[in-house]
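Peer 1:
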Amino acid sequence: MKKKYKLLLNTKFTKKISSLAIYSPAVAEIVDGNVDIILVGDSLGTTLYGMRNTQSVSLSMMKAHGKAVIKNIKKSFTMIDMPYNTYKNKNQALRNAQDLLRYTKAKMIKLEINEKKLEIVKHLSKNNINVVAHLGVTPQDYKDFSKIKIKGKNQNEINILKNLAVNCEISGAKAILLECITEKAAKKITSTVSIPSIGIGASKNCDGQILVFDDLINLKIGKKKPKFVKKFLDFEKLLKNAVKKFSQEVREKKFPSKKYSYH
Ligand code: KIV
Numbered sequence: 000m001k002k003k004y005k006l007l008l009n010t011k012f013t014k015k016i017s018s019l020a021i022y023s024p025a026v027a028e029i030v031d032g033n034v035d036i037i038l039v040g041d042s043l044g045t046t047l048y049g050m051r052n053t054q055s056v057s058l059s060m061m062k063a064h065g066k067a068v069i070k071n072i073k074k075s076f077t078m079i080d081m082p083y084n085t086y087k088n089k090n091q092a093l094r095n096a097q098d099l100l101r102y103t104k105a106k107m108i109k110l111e112i113n114e115k116k117l118e119i120v121k122h123l124s125k126n127n128i129n130v131v132a133h134l135g136v137t138p139q140d141y142k143d144f145s146k147i148k149i150k151g152k153n154q155n156e157i158n159i160l161k162n163l164a165v166n167c168e169i170s171g172a173k174a175i176l177l178e179c180i181t182e183k184a185a186k187k188i189t190s191t192v193s194i195p196s197i198g199i200g201a202s203k204n205c206d207g208q209i210l211v212f213d214d215l216i217n218l219k220i221g222k223k224k225p226k227f228v229k230k231f232l233d234f235e236k237l238l239k240n241a242v243k244k245f246s247q248e249v250r251e252k253k254f255p256s257k258k259y260s261y262h
């Protein structure tokens, strides 16, 4: 990491930051302490609830999942997404952010940002809320994810993204999350700002990386994965085998054996 003074909530990161988006308490127990930051992401709308996009995710869904996850986190930093339409202006954003943070006890809040939303970053930061600014591809803007295009493909786009990142830092953001941008754009942004950059589909030119847990274990069954997703475990295959074995043992009257019965 070039800038050794990159800090996040008073922690100096001298190595790359690892982060995962998760939604459930059982997964929280597995992941806690094994990654630096745990995000309760609004991707739960598409990943867990089968929605077409994240626009129908509500504040109460984020509150419920956030609370269930975060009460099982002891070691990692915690971050939670503000869902679509819950931060349309600075007063609404502050009210909802305070509610979400108070209820879930998350340490940071993530918002999808464009130039018009900078005043919200500023207002929340002034009110002592730790804001992570999500830039590049911002999924809440899309009804149809197949329309998503990579950002930062030419110098003009890189400059726009870099200026936005700088303005987020000036407005008080504690970190930026860069989604689906080119290697060149990520390099420019990461070397310009002094807050940490965490990337998803944004190359290794970031201070850290985030993935959705379900993607990492290949649980998004049947769906075509984006290019940036690396399958670290084929859980889908393991699960299918376990389910087949269960059904077979039931059919063959092997399960439940005496060991699994009350006497
Ligand atoms: O909601 C989410 O999971 C995200 C990703 C960037 C990890 O925002």
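Heads up, the sequence shown is in numbering that gives the first Met the number 0, so the first residue is 0 and it goes up one at a time. Note that the Cβ used here is the ideal one computed from N, Cα and C, for glycine as well.
When the Cα atoms are used, what is the spatial distance from N9 to K173?
Peer 2: Within the sequence shown, numbered from 1, the residue matching residue 9 stands at position 10. Within the sequence shown, numbered from 1, the residue matching residue 173 stands at position 174. Using only the alpha carbons, I get a separation of about 10 Å.
Peer 1: Please go through the stretch 26–109 and give each complete alpha helix (DSSP H) segment of 4 or more residues, from N-terminal end onward.
Peer 2: Runs found: 43–46, 58–69, 89–103.
Peer 1: For I16, tell me which candidate among Y22, G198, L47 has the shortest Cα-Cα distance.
Peer 2: Counting from one through the sequence shown, the residue named residue 16 turns up at place 17. The candidate whose alpha carbon is nearest that of I16 is G198.
Peer 1: Measure from the alpha carbon of I169 to the alpha carbon of each residue in K148, F231, V131, N240, then state which is nearest.
Peer 2: Residue 169 sits at position 170 when you count from the first residue of the sequence shown. With distances taken between Cα atoms, I169 lies closest to V131.
Peer 1: Nearest by alpha-carbon distance to S124: which of G135, T137, L110 is it?
Peer 2: Within the sequence shown, the letter at position 125 stands for residue 124. Among G135, T137, L110, the Cα nearest to that of S124 belongs to L110.
Peer 1: Can you give me the C-alpha to C-alpha distance between K187 and Q208, rounded to a whole angstrom?
Peer 2: The residue given as residue 187 occupies position 188 in the sequence shown. The residue given as residue 208 occupies position 209 in the sequence shown. Rounded to the nearest angstrom, the two C-alpha atoms are 16 Å apart.
Peer 1: To which residues does DSSP link Q208 through a beta bridge?
Peer 2: Numbered from its first residue, the sequence shown carries residue 208 at position 209. According to DSSP, which records beta bridges pairwise, Q208 is partnered with S17, G198.
Peer 1: Three Cβ pairs or more, each shorter than 8 Å: is that satisfied between the stretch 215–233 and the stretch 30–40?
Peer 2: These segments do not touch.
Peer 1: Determine the closest residue to Q11 out of E235, I180, S193, with distance taken between C-alpha atoms.
Peer 2: Translated into positions along the sequence shown, residue 11 becomes position 12. In the sequence under discussion, the amino acid at residue 11 is Lys, which differs from the Gln named in the question. Considering only alpha carbons, the answer is S193.
Peer 1: Buried or exposed: E178, going by 16 or more other Cβ atoms within 10 Å of its Cβ?
Peer 2: The residue you call residue 178 lines up with position 179 of the sequence shown. Buried is the call here.
Peer 1: Does the stretch 45–61 touch the stretch 82–98, meaning 3 or more C-beta pairs lie closer than 8 Å?
Peer 2: Verdict: yes, contact present.
Peer 1: Are Q97 and N129 touching if we call contact CB-CB under 9 Å?
Peer 2: Along the sequence shown, one-based indexing puts residue 97 at 98. Along the sequence shown, one-based indexing puts residue 129 at 130. No, Cβ-Cβ distance for Q97 and N129 is not below 9 Å.
Peer 1: Quick check: does the Cβ of S42 come within less than 8 Å of any heavy atom belonging to the ligand KIV?
Peer 2: Sequence index remark: in the sequence shown, residue 42 carries index 43 (1-based). Yes, the Cβ of S42 comes within 8 Å of a heavy atom of the ligand KIV.
Peer 1: Measuring alpha carbon to alpha carbon, tell me which residue in L218, Y102, G200, D213 is nearest I263.
Peer 2: Residue 263 cannot be examined here, being either before or after the span of the chain that is shown, 0 to 262.
Peer 1: Determine the DSSP secondary structure at S150, reduced to helix, strand or coil.
Peer 2: Position 151 of the sequence shown holds residue 150. It is Lys, not Ser, that sits at residue 150 in the sequence shown. Here K150 sits in strand by DSSP.
Peer 1: Run through DSSP, which three-state label would K11 get?
Peer 2: Within the sequence shown, residue 11 is the residue found at index 12, counting from 1. Three-state DSSP puts K11 in a strand.
Peer 1: Tell me which same chain residues have a C-beta within less than 6 Å of the C-beta of V228, skipping the five on either side of it?
Peer 2: If you number the sequence shown from 1, residue 228 lands on position 229. Cβ within range, chain order: D214.
Peer 1: Would you be able to state if there are at least three C-beta pairs under 8 Å between the stretch 111–120 and the stretch 132–144?
Peer 2: Yes: the two stretches touch, three or more of their Cβ pairs being nearer than 8 Å.
Peer 1: Using a Cβ-Cβ cut-off of 8 Å (strictly less than) and excluding sequence neighbours within five positions of A92, which residues of its own chain qualify?
Peer 2: Indexing the sequence shown from 1 puts residue 92 at position 93. Excluding positions up to five away in sequence, the list reads M81, T85, Y86, L110, I119, H122, L123.
Peer 1: So, with DSSP's three-state summary, where would you put A172?
Peer 2: The residue you call residue 172 lines up with position 173 of the sequence shown. DSSP places A172 in coil when its eight states are reduced to three.
Peer 1: Would you kindly work out how many angstroms separate the C-alpha atoms of K239 and K116, rounded to a whole number?
Peer 2: As a first step, residue 239 is located in the sequence shown; it is residue number 240 there, counting from the start. As a first step, residue 116 is located in the sequence shown; it is residue number 117 there, counting from the start. In a straight line, the C-alpha of K239 is about 44 Å away from that of K116.
Peer 1: Out of S256, T46, L99, point me to the one whose CA is closest to K62's CA.
Peer 2: As a first step, residue 62 is located in the sequence shown; it is residue number 63 there, counting from the start. Among S256, T46, L99, the Cα nearest to that of K62 belongs to L99.
Peer 1: Using DSSP with H/G/I as helix, E/B as strand and the rest coil, what is H133?
Peer 2: Along the sequence shown, one-based indexing puts residue 133 at 134. Strand.
Peer 1: Go through its chain and collect everything with a Cβ distance to K152's Cβ below 7 Å, but skip five positions before and after it.
Peer 2: Sequence index remark: in the sequence shown, residue 152 carries index 153 (1-based). So the qualifying residues of the chain are T181.
Peer 1: If you follow the alpha helix (DSSP H) that S190 is in, where does it begin and where does it stop?
Peer 2: The residue you call residue 190 lines up with position 191 of the sequence shown. Where S190 is concerned, the enclosing alpha helix (DSSP H) stretches over 182–191.
Peer 1: Apart from the five residues just before and just after K161, which ones in its own chain have a Cβ nearer than 8 Å to its Cβ?
Peer 2: Here residue 161 refers to the residue found at position 162 when the sequence shown is read from its first residue. So the list reads A184, K187, I188, T191, once near-sequence residues are dropped.
Peer 1: The ligand KIV and P138: does the residue's C-beta get closer than 8 Å to at least one heavy atom of that ligand?
Peer 2: Residue numbering aside, residue 138 sits at position 139 when the sequence shown is read from its first letter. It does: the Cβ of P138 is within 8 Å (strictly closer) of some heavy atom of the ligand KIV.
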